[in-house]
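Novice:
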Amino acid sequence: MRRPRKVQQMTGMPHTPTATDYKAQARRLRAGLADTGHDLTHSAALELVARQHGVRDWNTLSALAARGRSVADLTIGSTVAGRYLGHDFTGELVALHALSKSGRYRASIQFDTPVDVVAFDSFSAFRRRVTVTVDATGATTEKTSDGRPHLQLAL
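In case it helps, the working numbering puts the sequence shown at residues -7 to 147.
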């Protein structure tokens, strides 16, 4: 039996910085420069943080931070988490293919712990791996009878 892996931030990938994270970085930069006798306004510190991350200005960086993650940001071998047929799961992304230019992806996930795919109490059927087609948000178009996607990745 495979040993469960630790999931970082329940996103399947390392933490993606938010605008708040970048603002905190700007405050630390400003404080560090003030300690060396270099005064800097907060807006100037934000602009420096943006340039450090390879973008033109603070407005661009904050827009990128607000955009959020998509399936296209995932890599094969990364740990993913989400819900499959009403059950929480963690697992490894073993395959990911973009389907034409439709914005949809075929993903294969190996679950850390098998998932029971039957809702009936007197019977169980466990699945260790699934291959599904998801959109950029990580949701399948196929839905259960209660209207929820068969699989939803936590991005």
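Every residue, glycine too, gets a C-beta built ideally from N, C-alpha and C.
On a predicted model such as this, the values are computed, not experimentally measured, just so you know.
Between Thr132, Asn51, Val41 and Gly29, which has its C-alpha nearest Arg19's C-alpha?
Specialist: Val41
Novice: Could you check what DSSP says for Pro6 in three-state terms: helix, strand or coil?
Specialist: At Pro6 the pLDDT is 47, less than 50, meaning the model places this residue with poor confidence and gives no usable figure here.
Novice: Jot down the residue ranges of each uninterrupted beta strand (DSSP E) in the segment 47 to 123, minimum 3 residues, whole runs only, in chain order.
Specialist: 71 to 76, 79 to 91 and 96 to 108
Novice: Under the assumption that Tyr76 contacts Leu143 (Cβ atoms under 8 Å), give the Cβ distance between them as a whole number of angstroms.
Specialist: 5 Å
Novice: Is DSSP giving Ala131 helix, strand or coil here?
Specialist: strand
Novice: Applying the 10 Å Cβ sphere with the 16-neighbour rule, what's the burial state of Pro6?
Specialist: For Pro6, the predicted structure reports a pLDDT of 47, less than 50, and the residue's modelled location is therefore unreliable. A value from the coordinates is still provided. Exposed, because fewer than 16 other Cβ atoms sit within 10 Å of the Cβ of Pro6.
Novice: First and last residue of the alpha helix (DSSP H) that includes Leu25?
Specialist: Ala11 to Asp27
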